[in-house]
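Below is one structure, written out as structure tokens, with a few remarks after it.
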Amino acid sequence: MNVDKSDYDKATDHKRADKIAETTSNLRMVRQAAVNAEKLTADPAWDQFLSYLQAIHSDTEKLAQTCLNTLSDPNVVNPDQLIAAKIAKIRCDDRLAMLELVMKLPKEIKEKGHLADNHLLNLQDIAE
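This is the structure in structure tokens:
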């Protein structure tokens, strides 16, 4: 079976239109998430939540430093103490990483929303 240019163009135009529709839908979802992130960060409760997270972050940093001090102390030779300090340090590091991600998330969502706006404009130009 031979395919002529018009059939090929119709098929590729249909695929392209489907891909543009899917991408547009995804970008609109990202933009909506950005709008919600903007509303969230404008709420005074968000500032209260951040101060709560910051306090937990500071306490966790102190605990991590205590674990490091225990690990570097030459007088601590008990294997159980050393293992407990290593485990606590790993947990602290994980908790710190998670807290930092949570605190940065709305800002990143807003940035992605602005990028989605630009991409939506480009897709509208392509679709027309």
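Residue numbers (the working numbering): 20 to 147.
Beta carbons are placed, not taken as given, at the ideal position from N, Cα and C, and that holds for glycine.
Bear in mind that the values here come from a model prediction, so they are computed numbers and not experimental data.
- Below 8 Å, enough C-beta pairs join the stretch 81 to 95 and the stretch 105 to 114 to call them touching: three or more.
- Contact between the stretch 87 to 107 and the stretch 67 to 74 is not established, with fewer than three Cβ pairs separated by less than 8 Å.
- In the three-state DSSP reduction, N94 falls in the coil class, being neither helix nor strand.
- About 37 Å separates the beta carbons of A53 and A107, which is beyond the 8 Å limit, so they are not a contact pair.
- Excluding its 5 nearest sequence neighbours in each direction, S25 has no C-beta neighbour in its own chain below 7 Å.
- With 16 or more other Cβ atoms from the protein chains shown falling within 10 Å of its own Cβ, P125 counts as buried.
- Take the alpha-carbon of E127 and the one of L46: they are about 15 Å apart.
- In this structure, the CA atom of A64 is about 46 Å from the CA atom of K34.
- Residues of the same chain with a CB within less than 7 Å of the CB of L87, apart from the 5 flanking positions on each side, are K108 in chain order.
- Residue state for N137 is assigned as helix, using DSSP reduced to three classes.
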